[in-house]
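Below is one structure; the comments refer to it alone.
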Amino acid sequence: MTVPRLRGRDHEMAVLRAALDAVRGGRGACVVVAGAPGAGKSRLLTEVDTLARRGGFDVVPVRADELDQYAAGAALQSALQSPGGSHRVTAATDDQRLWLLDSITDALEDRAQRAPVVVLVDDAQWADPATLFALRTLPGRLAASRILWVLAVRPEAERPIVARMREDLDRLGARRLTLGPLPQKELRHIAADALGATPSRELTTLLRGIAGNPYLAIELVRSFADADAGKGEGGVAGLPRHDLPVGFRRSAAARLNRLPEDAVRLLQIGSVLGREFDLGIAARMLGRQVGSLLSGVEAALAADLLTADGPRLAFRHDLVRQALHENLPPAVRTALHREAADTLRAAGGRPAEVAWHVVMSGGPVVDDSVTTLLTAVRDLSPTAPDAAADLARRSAGLLPPHDRRRIALLTDAAEYLGRTRRVHEALDLVDATLSERLEPPQEASLRLVAAEIHQAAGDHVAAMAHLQRALALPALPRDLHVQLLKTKATGHIYLGEISAAEQTDTGLVEAAYRRGDTAHVVSAMMFQSQTSFYRGRLARAVDLAERATARADMEPAALHLRPPRIPALWLATVLTATDRLGDTERILREGQREAEALGLGWSLPHWHACRACALLEQGALDDAAVEAEASLTVADELEITRGNAQVRSVLALVETKRGDLARARDHLRAADVDTGANKQSCGPWVSLARACLEEAEGRGAAAAMALRGSFGGGEVTPLLVLPPSHWPEIARIAVSGGDRSVAQAVSGALRGLSAQDDSQKIVGAVRAHVNGLLQNDLSELASAIAGLRKSGRPLALAAACEDLGTLLATSADAEAAIPYFDEAAQLMTESGAVRDRERLKRRLRQLGVRSGAPRPHTTASPGWGRLTESERKLIPLVVEGLTNRAIAERLFVSVHTVNTHMKHIFTKLGINTRVELTRLAMEQGGTDGESD
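To convert, take the position in the sequence shown, counting from 1, and add 7; that gives the numbering used here.
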C-alpha cells in the first residue's frame, strides 16, 4: 500500500510557507499546530521539514515522548549541541532556568547568523519541562532573529505547564492552526492514494464513521484490505473514547489476534513501556532472552505496527500504542507499569522514566520506588521547579498519610512552587499541610520554606510570623534551629530592625568563625557587613563585604547560601554609598559572570537592579533605565513574582527627570503594587519617587508629605537604602513643600552618620549640601560643590550648583548665579535629564541669558536621532554579524542588557529585524563612527 500525499491542508501549508518566507526575510515567527491524535500534525511538520531543507534552512527537529514528562534535561538544548563541542557547565543544584534559556538562545542565534532556522517540536504536549519552559519564552526573546518555531500539540493536553506554554505563546503573537476533521471528499482521496484505486462503496461508507481523522482513514484502508479485518470491524466505528473510536480499538485487537503469540505479548508490553522502548527491557519483563523474541519482532514489523529505524523499537503511530494499551484490563495495566518501574530501575534506567511508570501504577510504592521519585524530583528542580513540584505532589499522593517522606515531598513541592508564579498555590499547600498533625521538625521545616517564600515576595511581616512559631517548637535539630535564626536575623535587616537583628545573633557569628567552614564564615561576614552598613559604619561594612567576597571567590560553593545572598552583589550595593562608586561596575560585571556560571539564576534580576541604581547615581539615566528594564524582563522570564519596587522607582525617577511624567506615574503605580507588605526595605525608594513626581506636577505640599513616613524619624537606616546623591533631594523637596522638619531629620541623621564614620568624603559633601539648603548658607553649598566635583555624581553636582544659583539669584548680585545655572544645565543635558535642563534654561532666561536652541537629547527626537550613545555602540557590531552574546562580551555588559538595548533600537527605528537594522545602518553612510 502506498503512502498517501498530504490532503486537505492547503490553508495550513499556505500559512507555514508564508512563515518560512517571513523568516527568510529576517523576521522570526511562531506557529502552533493543534489537533487530535491522527489529525496529521506530524505529517504537516514533515512537509515543513522538507520545504525548509530545500530552501536552505537549518532544521532543528525535536520529538517528544510520553516518558519525557519528568525528564530533567532539555531535549531542545540537546538537539542544538554539536558533537564534540564544548558546552557550558553549571552547578548541578540551584536555579538553572536562566542559564538554560541563555544557552539555547546562544546556540540558536549562532545558527541563525549562518542560515535561517526552523525549530520543529512534535508532540509538544509531552515535552520535558525544561524544553517547555524554553518554548514559552524564546520565541519572544528571539523574535528579531531568523527563526521559525513550529510546535505540534494535542489540544486536550492536561499538563498545566503545557497550558501555560500555549497562553504565553498566544500573548507573544504566535499563529495558531487547528487541524479539524477532513471532509469526506478528502478522506476518499486519501483512501484512493493508499489503495492506488478508487475506494469501493462499502469502504466509502465506513469512512463516514472515523470523524474525519486522516490517520484512522489510512488504518481503516489497511484493515479493509484484509477481509478478516473487515469482518471483524462489524462495518461501522463506534463512539469515541479518549479520541479512539471503538471500531479502531477493535481493529487493533483484531490485528493483534492474527499475530503470533510472541508478537502479541511483545506489543502489549511495549504499549506499557512507551512509544519507543528497549527490546532488552521488554524481554526482562517477559522473562525471556532477547534472541527468543526475534520472530515476534519480525511479525510486528511485517504487520507495520512497529518500526526499527533507531536504537529502540517504536510504534509506527502512538494511536496504535494507545489502542493496545487501552485494550489491556486496568488492573493489568497498573501491575505492568509497576513491574516496568522495577525492571527499569534494576537496569539503571532514567529516574524520570521510572518515575513515570511509578505514577502510572497508582501506588502503593516500595522504598526503592520512593527513592527514585525523590531523585526525579531533585533532578527536575533546577530547570523546571514547577514540574518538580507537580511530581512531588503526585508522589506524595502515592504514600500513606503516616509516611514521613510524604511531608518531605510536600515541603519540597511548596519550596519549588515558591520559585515560580504559583506563589499563592505554594502558600495554600503550606497551610493545607500545616493543618495535619506534624512532628516539630516537620512543621519547622515547612514554616522555614513558607518564611523564605514570604521574604522573596517582600512580605517580611508574614515571614517573621512563621519563623517565630517555628522557633517556639520543641526539640528541633541544631542545624534547623540555626537556619531559622539566620533567616529571622536577615528578615529583621530587611525590615530595618537592626537592633533586633543583632539581638538574634545569639552566638551564631562567633560559632561560624570557630567552625571555619567557608559558607558559614561568608554568611557571618555578610550579616556583620549588613548590620554595620545600616548602623552607618561604612568603612567596616566595606571591609567585611570585601573579605566575604574574596573568601567566596576562593571557594565558589560558598555562594550557595541560605538565606540566599551573594557577597559581591552586596559589596557593590555598599560601594554605591561610598567614595568608591567607580569600582561598582567592575565588581558587578565580574560577580554577575560568576553567578551565571554557578547557576545562581535567581540573582540575575538583582544584579541588573544594583547596576541600575549605580548608573542612576552616576547620572547615566538612559543606561540606568535599560538595566532596570532588563531586571524586570529577566524576573519575568524566571517567573519571579516578587515585584521589585526599587527597580520601578528607579524607572519613575528617570522618567520624571526626562520629563515623561505619564510614564513615571505608571511605574510608580507598579511600584505601589510591588511594595506590598515590604514597606521597610523598598519604602524609601517609593517615597522618593512619589515625592519627585508630585513636585514635578506642581504639588509641593503633597511631595513633602510623601517623604515624612520614610525620612521623618531622623534615622540613618532609611537614608542608606538610597545612594547619597538623593539625600539632599529629600531635604530640598521637604523645604520647598513647607515641611522643614523632614529636612532637619535628614540633617540630624547625617550628623550621626558623620559621627559614626567620617571616612567618606561623599557623606561630608552631601551633609554640607543639606545644611546649605536648611540654613540658606552660601559657604556650605560652595563646600558641597567642591566636594562633589570629583565624586563621579554629575546629577548631585548639578543639584548643588542649581541650589547655590537659586540662592545667589535672590541676592544683590543675581548675575553670580549664571555660571552655576549654566554648569547645572550642561550636566543635566549630558545626563539626559531633559525636564531638569529645561527648568534651568527658564531660570537663565529670567536672568536675561539667551542661549541657542539646545541640541536635543537622544531620547527626544524621532528616528535615528533618538538612539542613545549605548544603543549606537551596538549597531556596528550587529552589522558585523555578531550575536547578542558576542556583542555583550565585546562591550563587557550582560547579554540581557544587550537584549533590552536591541528592543529599544527596533522600537525607535520602527523595525523588527536585524536585517532591517543593518540596511538602515548602511543607508546612514556606514557605521565606522557609530561606536565612538
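Glycine is no exception: its CB is placed at the ideal position from the N, C-alpha and C atoms.
Residue i versus residue j - alpha carbon distance
| i | j | result |
| --- | --- | --- |
| A518 | E346 | 51 Å |
| A819 | D829 | 19 Å |
| P44 | D175 | 23 Å |
| L227 | L214 | 8 Å |
| W871 | L916 | 6 Å |
| A463 | L491 | 15 Å |
| L424 | H499 | 25 Å |
| Q537 | A548 | 7 Å |
| N220 | P206 | 17 Å |
| E603 | L380 | 29 Å |
| R282 | V40 | 21 Å |
| A234 | L202 | Legend: pLDDT at A234 = 41, less than 50; position of this residue unreliable, no value from coordinates given. |
| R665 | D810 | 19 Å |
| P407 | R413 | 8 Å |
| L158 | N334 | 30 Å |
| D486 | G514 | 14 Å |
| V22 | R60 | 17 Å |
| T925 | S838 | 28 Å |
| F140 | P571 | 23 Å |
| L847 | R857 | 12 Å |
| R385 | D375 | 15 Å |
| L927 | G32 | 15 Å |
| A354 | V361 | 10 Å |
| M273 | A79 | This sequence places Leu at residue 273; Met is not what is there. L273 and A79: Cα-Cα distance of roughly 29 Å. |
| R349 | R400 | According to the sequence shown, residue 349 is Asp rather than Arg. Between D349 and R400, the C-alpha separation is close to 21 Å. |
Terminal residues of the alpha helix (DSSP H) in which residue i lies
| i | result |
| --- | --- |
| R118 | R104 to R121 |
| L780 | K768 to Q782 |
| D75 | That residue, D75, is in no alpha helix (DSSP H); it is neither H nor E in DSSP. |
| F140 | P136 to R148 |
| L176 | P167 to R178 |
| W871 | Unbroken run through W871: none, as it is neither H nor E. |
| E193 | Q191 to L202 |
Beta-carbon gap between residue i and residue j smaller than 8 Å
| i | j | result |
| --- | --- | --- |
| L780 | R739 | yes |
| R800 | Q535 | no |
| A383 | L405 | no |
| L52 | L27 | no |
| P691 | P731 | no |
| I825 | L851 | yes |
| H461 | H473 | yes |
Proximity test, Cβ basis, 8 Å: residue i and chain B
| i | result |
| --- | --- |
| K910 | The structure shown contains no chain B; it holds only a single protein chain. |
Same chain only: Cβ atoms within 8 Å of residue i, ignoring 5 sequence neighbours per side
| i | result |
| --- | --- |
| E702 | A710, I740, S743 and G744 |
| A69 | The identity of residue 69 in the sequence shown is Val, whereas the question assumes Ala. Here the set comprises A82, L83, A86, V126, L127, V128, D129, A134 and T138. |
| R12 | D200 |
| L568 | A526, V529, S530 and M533 |
| T341 | M367, S368 and G369 |
Beta-carbon proximity list for residue i, same chain, < 6 Å, skipping 5 on both sides
| i | result |
| --- | --- |
| G62 | none |
| H674 | R655, L658 and A659 |
| G242 | At G242, the pLDDT of 34 sits below 50, so the modelled position is not reliable and the matter cannot be decided from this model. |
| A805 | A831, L834 and M835 |
Residue i, enclosing beta strand (DSSP E) - first and last residue
| i | result |
| --- | --- |
| I154 | I154 to V160 |
| A4 | Because residue 4 is not part of the residues shown, which for the chain are 8 to 939, the question remains open. |
| V126 | V124 to D129 |
Contact set for residue i: own chain, Cβ-Cβ below 7 Å, skip 5 residues either direction
| i | result |
| --- | --- |
| V905 | L881, N891, I894 and A895 |
| T314 | A321 and R323 |
| A290 | Q296, V297 and L300 |
| D613 | Note on identity: in this sequence residue 613 is His, with Asp being the wrong assignment. Contacts found: L576. |
| S748 | G719 |
| L108 | A141, T144, L145 and E644 |
| I225 | P11, I197 and A201 |
| D250 | Since pLDDT at D250 reaches only 45, below the 50 mark, its modelled position is unreliable, and no value is offered. |
Distance cut-off 7 Å: residue i Cβ against heavy atoms of the ligand GTP
| i | result |
| --- | --- |
| A531 | The ligand content of the structure shown is nil, which means the ligand GTP is not present either. |
Bridge partners - residue i, DSSP secondary structure assignment
| i | result |
| --- | --- |
| A321 | E283 and T314 |
| L186 | G42 |
| R70 | D129 |
| D65 | V124 |
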